[in-house]
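In case it helps, our numbering puts the sequence shown at residues 846 to 1287. Here a beta-carbon is modelled for each residue, glycine too, at the ideal position from N, C-alpha and C. I have placed the structure first, in the form of structure tokens, so that the comments after it can refer back to it.
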Amino acid sequence: MLESSCTAAELLLPAPSREAGGYVICGFAASDAADIPLAFNEVYGRDYLNPLVYDPEGFAGLIASGVQISFVARDSEGDFAGHLALAFSAPNRRLVEVSQGIVLPAHRKSGIFARLMERAVNFARHELGAQAVFGTALTNHAVSQRVLAACGFRDVGLEVDYVPARMLVREGAAGPSATLVQYLDLGRREEPPCHLPPSYAAWFVRLFEGAAVAGQRQVTRATGLDRRASLSERKDMPRFDMARLLVHRPGFDFWSLVDAQEGEAESSGRRIFQVLISLGSAEGAAAVELLRAWGYASGGLLPGYLDGGQHVAIMYRSFQQPYFEGVKLHSESAEQLLSDIVADWQQAERLGAELRHAFVEEPAGQDLASTGLAGSAALAVPPPPAPAKAASLDAAMEMLGLGGRVKLANGGMDPVEPDSAEKEDEQAAEHDSDAPADRPAL
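Following this line, the structure appears as structure tokens:
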């Protein structure tokens, strides 16, 4: 739980508030436990994302553990009307997530969902002293998206195909649903260094600025990975047909780590393999570029997700065609985000096919020099998927147009202004034959 709530346990129980229409919003009490499963069953059947909402004792234990704070709305007769939670789901405990939002059909269009959201955000701001709040609304739930937007949340990312169609049967979904990552900065955030990968610099800056995320950001070019082993956490989510790898530090074993985890995800029948990369180091920016070249696309950002407020880039590999046509969004800005993500996925697929061909499908007996990949082997990268041939990181980055051209200073930070990144890329391409022929249309 947050530091501010550790010293005053009573802050974990929101005080009752009377709302328009005779509604009352209170913190979760033991007497609410029996109503939670009934409410979620009425709205979602037995298919809600978190199975604990169907287990009164388990749900009460969730609240008691401090993992989440719940708000319950009841009408003037005392009947259950709605629920919303603040969850400590991120490694950064000062970033809280709004989740489990639900309003029973009889109480829709009453405005109670917006009031629940306002109460939760105010509680996070004033009682918890949170740095920021984020939400992940399903992209077939336009109302949830609009309520978040009305409270000041801004669109920063999309988790592609996050919820399987089998969990959306009652809603008649024809395919999996993405979740729209919406972010509200509360003005108390830390401002750690942020290293922007060149391919995504302009896009990521737009997302940061659109969400009013402050801090120093610089485009980081041509750097290797950490010479230590990678520092990462893996989470398998079979309920969501997804596996996730959170990379705090991409090291010398980064490619072999990703290869092994990607292979395990695919062989286990997962639809999506998601890799979250910390942008708190130059190595993180390099790892994003390498993933992109290997066919990974970006779903945008998770600002302030890690300890110290470090930002995270969402990268993913889909083993099936993403169900983009099923994404329904609330605004033109969200539609633009989707357009950027679709364009990046298309380009990443093309770039990945080219690199995999160069590494995996080269004719037998062909050496690295004949492929144009010859270069310094000072820092070796573990091989891409077998039977691919190992190549140096320097050589691979030369091929991708990432290395060997810009002399870096300041610990690997190139002081390029984000809004001039694309112009400098064009100038570099004019003078360097190894520069990539295309850049992301973002």
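Counting only the same chain and skipping the five closest in sequence on each side, list residues whose C-beta sits under 6 Å from that of residue i.
i, result
"Tyr1168", "Asp1006, Gly1020 and Pro1021"
"Arg1033", "Gln976"
"Leu929", "Phe916, Gly946, Leu961 and Ala965"
"Glu1078", "Leu1091"
"Arg863", "Val869"
Rounded to whole angstroms, what's the CA-CA distance from residue i to residue j? Just pull it up for me.
i, j, result
"Leu1124", "Ala879", "43 Å"
"Arg1066", "Tyr1161", "22 Å"
"Val941", "Leu894", "18 Å"
"Ala982", "Lys1080", "21 Å"
"Tyr889", "Leu907", "20 Å"
"Asp1104", "Ala1158", "19 Å"
"Leu858", "Gly1140", "46 Å"
"Ser1126", "Gln1155", "9 Å"
May I ask which residues mark the beginning and end of the alpha helix (DSSP H) holding residue i?
i, result
"Tyr899", "Here Tyr899 belongs to no alpha helix (DSSP H), and DSSP marks it neither H nor E."
"Gln1106", "Phe1099 to Ser1112"
"Val992", "Ala987 to Ala995"
"Phe885", "Asp880 to Tyr889"
"Arg960", "Ile957 to Asn967"
"Ala1046", "Ala1046 to Gly1055"
Helix or strand or just coil, what does DSSP make of residue i?
i, result
"Gly1032", "coil"
"Tyr1168", "coil"
"Asp1071", "strand"
"Asp1000", "strand"
"Arg810", "Since the first residue of the chain shown is 846 and the last is 1287, residue 810 is not available in this structure."
"Leu1124", "coil"
"Gly866", "helix"
"Gln913", "strand"
"Gly906", "helix"
"Thr1181", "At residue 1181 the sequence reads Gln, which differs from the Thr that was named. In this structure, Gln1181 counts as helix in the three-state DSSP scheme."
"Ala874", "coil"
"Gln1061", "coil"
"Glu1078", "strand"
"Glu1194", "helix"
"Ala1023", "strand"
"Glu922", "coil"
Taking 7 Å as the limit between beta carbons, can you name the residues of its chain near residue i, skipping five residues before and five after?
i, result
"Ala875", "Ala905"
"Val948", "Ala926, Gly927, Ile957 and Phe958"
"Ala1132", "Leu1070, Val1092, Pro1095, Phe1099 and Ile1122"
"Glu1194", "Gly1140"
Could you tell me whether the Cβ of residue i comes closer than 7 Å to any Cβ of chain C?
i, result
"Leu1003", "Absence of chain C from the displayed structure is noted, only one protein chain being present."
Return the chain-ordered list of same chain residues with a C-beta closer than 8 Å to the C-beta of residue i, the five sequence neighbours on each side being excluded.
i, result
"Leu1031", "Ala969, Arg970, Ala975, Gln976, Ala977 and Val978"
"Gln1061", "Glu1036, Pro1038 and Cys1039"
Going by DSSP, what residue range makes up the beta strand (DSSP E) through residue i?
i, result
"Leu931", "Phe925 to Ala932"
"Gly1145", "Ala1142 to Leu1147"
"Thr981", "Ala977 to Leu983"
"Met1160", "Val1157 to Ser1163"
"Glu943", "Here residue 943 is Val; the residue named in the question, Glu, does not match the sequence. It spans Leu940 to Val948 - the beta strand (DSSP E) in which Val943 sits, taken as one unbroken run."
How about the stretch 912-927 and the stretch 868-888: do they share at least three Cβ pairs that are nearer than 8 Å? Yes, the stretch 912-927 touches the stretch 868-888.
Could you check whether the stretch 1094-1101 touches the stretch 1143-1152, counting it as contact only if at least three pairs of C-beta atoms, one from each stretch, sit closer than 8 Å? No, because fewer than three Cβ pairs between the stretch 1094-1101 and the stretch 1143-1152 fall closer than 8 Å, the two stretches do not touch.
Would the stretch 1050-1069 and the stretch 1087-1096 be scored as touching if the rule is three or more Cβ pairs under 8 Å? Because the criterion of three Cβ pairs below 8 Å is not met, the stretch 1050-1069 and the stretch 1087-1096 do not touch.
On the three-pair Cβ rule with 8 Å, is the stretch 1175-1195 touching the stretch 992-1010? With a cut-off of 8 Å, the stretch 992-1010 and the stretch 1175-1195 count as touching, because enough Cβ pairs lie within range.
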